[in-house]
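My numbering puts the first residue of the sequence shown at 116, with every later residue one more than the last.
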Amino acid sequence: MMKKTDSSYFNMNSFKEDNIRAVDAKFEAQKIAFAPLCFQAVRAMLELGLLKAIEESGDDGISCKELSEKTGVSEYGAGVLCEMMLGMNVIKLAKQADEERFVIGKTGWMLLEDDLTKVNFWFTNDICYQGAWDLTASVKNGKPEGLKVFGDKWTTVYEALSTLPEKAKKSWFEFDHFYSDIAFPEALPIVFAEKPRTMIDIGGNTAKWSISCCRYNPDVRMTIVDLPGQTAVAEKNAAAAGFSDRISFCTGNVLDSTTKLPSAPDAVWMSQFLDCFSLHQITKILKKVYEAATPETNVYVLEPLWDKQHFEASSYSLMATSLYFTCIANGNSKMYRYEELVNAISEAGFELKTAHHNLGSNAYSLLVFRKKQVK
Numbered sequence: 116m117m118k119k120t121d122s123s124y125f126n127m128n129s130f131k132e133d134n135i136r137a138v139d140a141k142f143e144a145q146k147i148a149f150a151p152l153c154f155q156a157v158r159a160m161l162e163l164g165l166l167k168a169i170e171e172s173g174d175d176g177i178s179c180k181e182l183s184e185k186t187g188v189s190e191y192g193a194g195v196l197c198e199m200m201l202g203m204n205v206i207k208l209a210k211q212a213d214e215e216r217f218v219i220g221k222t223g224w225m226l227l228e229d230d231l232t233k234v235n236f237w238f239t240n241d242i243c244y245q246g247a248w249d250l251t252a253s254v255k256n257g258k259p260e261g262l263k264v265f266g267d268k269w270t271t272v273y274e275a276l277s278t279l280p281e282k283a284k285k286s287w288f289e290f291d292h293f294y295s296d297i298a299f300p301e302a303l304p305i306v307f308a309e310k311p312r313t314m315i316d317i318g319g320n321t322a323k324w325s326i327s328c329c330r331y332n333p334d335v336r337m338t339i340v341d342l343p344g345q346t347a348v349a350e351k352n353a354a355a356a357g358f359s360d361r362i363s364f365c366t367g368n369v370l371d372s373t374t375k376l377p378s379a380p381d382a383v384w385m386s387q388f389l390d391c392f393s394l395h396q397i398t399k400i401l402k403k404v405y406e407a408a409t410p411e412t413n414v415y416v417l418e419p420l421w422d423k424q425h426f427e428a429s430s431y432s433l434m435a436t437s438l439y440f441t442c443i444a445n446g447n448s449k450m451y452r453y454e455e456l457v458n459a460i461s462e463a464g465f466e467l468k469t470a471h472h473n474l475g476s477n478a479y480s481l482l483v484f485r486k487k488q489v490k
């Protein structure tokens, strides 16, 4: 019998009801119509130091002239940007001021200080923004047509990661690690309650999970499976952490029939990995895991599922991330719902034993599978 730890999620009925007033719907439509300009206005406010200067002005606020003098931005430039920020509720006008003065709003504070917002914003700017122009072509062709902004020799973003411009690479890895790494402290006790001695880390990336496991348990031995560019980085990181003797590597494309997984591991780990593949590919990968696994092998899948989030904003962020997969990453994957991911894995011969939801501040789900018992 499957054990399932659960709690409340945001109300999915919001996707079924259309109770918004027509006047408000029209305003929402204008936000969409001008969204690219609004995004770039926020970027300008951040990069020119305008939003930070407004925050630092406190409750007294700052005038447009003072803002211009403090940042070196022309009064005209500061003015048009701040007017748009007023319209977006990023900043507000100071109360009881003799002249028009700007103060930070709650939304502006989030853009400056909230880690989730900052990671999402700069990931969108540095990885997705230019390529999003080709979203329509990506949907039509089933290929990440926007990826060409980083070069024309890649079929997926994962092959290109080690050669991305430094700013884009930084934003990509900060985005990737921000989401999954936060759940690691809660996932480690769950995984090691089963006392695994050998674990395959598929899609091990920079080796953060494998290193975390070695630090958590002195006996476990890890094998990272990933593409050549990633295993090269992971190997350096493992050595720097002092775990070269306990972290080994299997370099190759897990979808390639020539890539074989080590046999009979105690555990197989996939953290924010399966969302990089279509449902058909997920089943294909898990069939390869099935061949390597024993009936006692625990297969752990850590994913943020958009229908298992506490807040609508979190679900929205995951839905938007799916578009990154469409036009930049690979053209055929997405952030999944709980049931569709479980079904794709079950088709490979596994059954869900336990589902641990709400791990970390980003509400990750840790799904634990084993081979289906033959009756």
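Even for Gly, the Cβ is constructed at its ideal location relative to N, Cα and C. Just so it is clear, the structure is predicted and the values come from calculations on it, not from any experiment.
Reduced DSSP category for Glu466 - H, G, I as helix; E, B as strand; rest coil = In the structure shown, Glu466 sits in a strand (DSSP, three-state: E or B).
Cβ-based burial, Phe392 [other Cβ within 10 Å; buried from 16] = Buried is the call here.
Just the Cα atoms here: how many angstroms apart are Lys119 and Arg452?
-> Confidence in Lys119 is poor, its pLDDT being 38 and thus under 50, which makes the residue's placement unreliable; the coordinate value appears in the next sentence. Looking at the two C-alpha atoms, the distance is approximately 16 Å.
Below 8 Å CB to CB, which residues in the same chain sit around Lys167 once its five sequence neighbours on both sides are set aside?
-> Leu161 and Leu227.
Could you work out which residue in Gln155, Thr373 and Phe307 is closest to Tyr244 when comparing CA atoms only?
-> The candidate whose alpha carbon is nearest that of Tyr244 is Gln155.
Among the residues of its own chain, which have a CB less than 7 Å from the CB of Phe388, if the five just before and after it don't count?
-> Result list for Phe388: Ile317 and Gly318, in chain order.
Does the beta-carbon distance from Gly261 to Trp248 come in below 8 Å?
-> The answer is yes: Cβ separation under 8 Å.
In terms of alpha-carbon separation, which member of Asn458, Ile443 and Met200 lies closest to Ala283?
-> Comparing Cα positions, the closest option is Ile443.
Counting Cβ pairs closer than 8 Å, one from the segment 200-210 and one from the segment 390-405, do we hit at least three?
-> Result no; under three Cβ-Cβ pairs closer than 8 Å.
Terminal residues of the beta strand (DSSP E) in which Asn413 lies = Membership of Asn413 in the beta strand (DSSP E) is indicated by the continuous run Asn413 to Glu418.
Residues that DSSP places opposite Thr338 in a beta bridge | Paired residue(s): Ile315 and Ser363.
Let me know the secondary structure DSSP gives Met117 once reduced to three states.
-> For Met117, the predicted structure reports a pLDDT of 39, less than 50, and the residue's modelled location is therefore unreliable. The matter cannot be settled from this model.
Can you tell which of Arg136, Lys221, Ser183 and Ala144 has its C-alpha closest to the C-alpha of Asp174?
-> With distances taken between CA atoms, Asp174 lies nearest to Lys221 out of Arg136, Lys221, Ser183 and Ala144.
Neighbourhood of Asn240 by C-beta, 7 Å cutoff - its chain only, sequence neighbours within 5 removed = So the qualifying residues of the chain are Arg158.
Are the C-beta atoms of Thr239 and some chain C residue less than 8 Å apart?
-> The chain labelled as chain C is not found in the depicted structure, where only one protein chain is given.
Buried or exposed: where does Pro311 fall if 16 or more other Cβ atoms within 10 Å of its Cβ makes it buried?
-> The Cβ neighbour count for Pro311, taken over all protein chains shown within 10 Å, is at least 16; the residue is labelled buried.
With 16 other Cβ atoms within 10 Å as the buried cut-off, status of Arg330 = Burial call: exposed.
Quickly, what does DSSP pair His472 with across the bridge? List them, please.
-> According to DSSP, His472 bridges with nothing at all.
Buried or exposed by the 16-neighbour rule on C-beta atoms within 10 Å, applied to Gln424 | Buried, by the Cβ-count rule.
Beta carbon of Ile460 nearer than 8 Å to that of Val416 = Yes, Cβ-Cβ distance for Ile460 and Val416 is below 8 Å.
Buried or exposed: Gly246, going by 16 or more other Cβ atoms within 10 Å of its Cβ?
-> Residue burial is scored here from C-beta neighbours: Gly246 has at least 16 other C-beta atoms within 10 angstroms and is therefore classed as buried.
Whole-angstrom distance between Asn368 and Ala82, CA atom to CA atom | Missing from the structure shown is residue 82; the chain here goes from 116 to 490 and no further.
List the DSSP bridge partners of Tyr431.
-> DSSP, once it has assigned bridges, lists no residue as partnering Tyr431.
Could you round the C-beta distance between Leu482 and Leu474 to whole angstroms and report it? I think they count as a contact, below 8 Å.
-> Rounded, the Cβ-Cβ distance is 11 Å, inconsistent with contact.
Which residue's Cα is closest to the Cα of Arg216: Cys197, Gly223, Thr232 and Val234?
-> Closest by alpha carbon: Cys197.
Using a threshold of 8 Å, state whether the C-beta atoms of Ala434 and Asp390 are closer than that.
-> The question names Ala, yet the displayed sequence has Met at residue 434. Not in contact: Met434 and Asp390 (Cβ atoms no closer than 8 Å).
Grouping DSSP H, G and I as helix and E and B as strand, with all else coil, what is Ala382?
-> DSSP places Ala382 in strand when its eight states are reduced to three.
Jot down the residue ranges of each uninterrupted alpha helix (DSSP H) in the segment 258-294, minimum 4 residues, whole runs only, in chain order.
-> Complete alpha helix (DSSP H) runs here, min 4: 272-275.
Quick one: Cα of Glu350 to Cα of Ala322, how far?
-> Straight-line measurement puts the Cα of Ala322 at about 8 Å from the Cα of Glu350.
Among Leu276, Met337 and Glu190, which one has its Cα closest to the Cα of Pro343?
-> Comparing Cα positions, the closest option is Leu276.
Distance, Glu181 Cα to Pro259 Cα | Rounded to the nearest angstrom, the two C-alpha atoms are 45 Å apart.
Figure out for me which residue from Ala308, Val414 and Phe364 has the closest Cα to the Cα of Leu467.
-> It is Val414 whose Cα lies nearest to the Cα of Leu467.
Take Thr251 as the anchor and find which of Phe465, His471 and Phe440 has the nearest alpha-carbon.
-> It is Phe440 whose Cα lies nearest to the Cα of Thr251.
Alpha helix (DSSP H) containing Ser172: first to last residue?
-> Per DSSP, Ser172 lies in no alpha helix (DSSP H) segment and is marked neither H nor E.
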